[in-house]
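Novice:
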Amino acid sequence: RFINNGDNILLLGPPGVGKTHLAIGLALEALNQGYTAYYTRCDDFITMCKKAEERGTTSRLVNKLSKSNLLILDEMGYFPFDELSANLLFQIISKRYEQGSIIITSNKSYLEWGKIFGDDVLATAVLDRLLHHSTTFNMKGESYRLREKQKAGIQPLVAK
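Its first residue numbered 1, the sequence shown is counted upward by one per residue in the working numbering.
See the structure below:
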């Protein structure tokens, strides 16, 4: 239903709690129901933006990422956006506003998004559009990956 309504889902939490797994599961269900979906990690998105700028095809990239019923932006916050990619992301979110759904996974709280984009005003504008019709899930817990290592008897190194 969230795709039909053009709503967004934001999955926030520390590494390893299942944000990406849940986003992909929702995308697979959307595909099963006949919707279209596009997945990209944010570091790959930043690279796509740079390549599009070099080729003079930024408007084509914006249009491409605005078409699918569902856009998944994974791992927001691990890499800072440069000015170009931040502005292109704003354009995509603006084009999709109330039209196409977005799922974003992030390890950063909304208060930290100004650092991600290098611009508090742009981060506020992005969040204004994303959060207007959205559900935020704050996921908590220990990393599933680290838990599996501990079950296997391998203890991760802890910084002192």
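C-beta: ideal position from N, C-alpha, C; glycine also. Nothing here was measured: the structure is a model prediction, and the numbers come from that model.
Taking the alpha-carbon positions, what's the Ser-233 to His-133 distance?
Specialist: Here the chain covers residues 1 to 160 and nothing more, so residue 233 does not appear.
Novice: Can you tell me which of the three DSSP states Asn-4 falls into?
Specialist: Asn-4: coil per DSSP, three-state reduction.
Novice: Sort out for me which residues DSSP pairs Thr-124 with in a bridge.
Specialist: Looking at the DSSP assignment, Thr-124 forms no beta bridge with any residue, so it has no partner.
Novice: Just to confirm before moving on: does the CB-CB distance between Leu-26 and Asn-138 stay below 7 Å?
Specialist: In this structure, Asn-138 does not lie closer than 7 Å to Leu-26 by Cβ.
Novice: In angstroms, rounded to a whole number, what distance separates the CA positions of Phe-81 and Phe-117?
Specialist: Roughly 5 Å separates the two Cα atoms.
Novice: Within 10 angstroms of the Cβ of Asp-74, are there 16 or more other Cβ atoms? Answer buried if so, exposed if not.
Specialist: Buried, because 16 or more other Cβ atoms sit within 10 Å of the Cβ of Asp-74.
Novice: Using the DSSP secondary-structure output, state which residues sit across from Arg-41 in a beta bridge.
Specialist: Looking at the DSSP assignment, Arg-41 forms a beta bridge with Asp-74.
Novice: So, is the C-beta of Ala-37 closer than 7 Å to a C-beta in chain D?
Specialist: Among the chains of the structure shown, chain D does not appear; only one protein chain is present.
Novice: Judging by CA-CA distance, which residue of Thr-57, Ile-103, Glu-54, Lys-51 is the nearest neighbour of Thr-40?
Specialist: Residue Ile-103 is the option with its Cα nearest to Thr-40.
Novice: Quick one: Cα of Ala-52 to Cα of Thr-135, how far?
Specialist: Approximately 31 Å between the Cα atoms of the pair.
Novice: Are the segment 17-36 and the segment 113-130 in contact at 8 Å, needing three or more beta carbon pairs?
Specialist: With a cut-off of 8 Å, the segment 113-130 and the segment 17-36 do not count as touching, because too few Cβ pairs lie within range.
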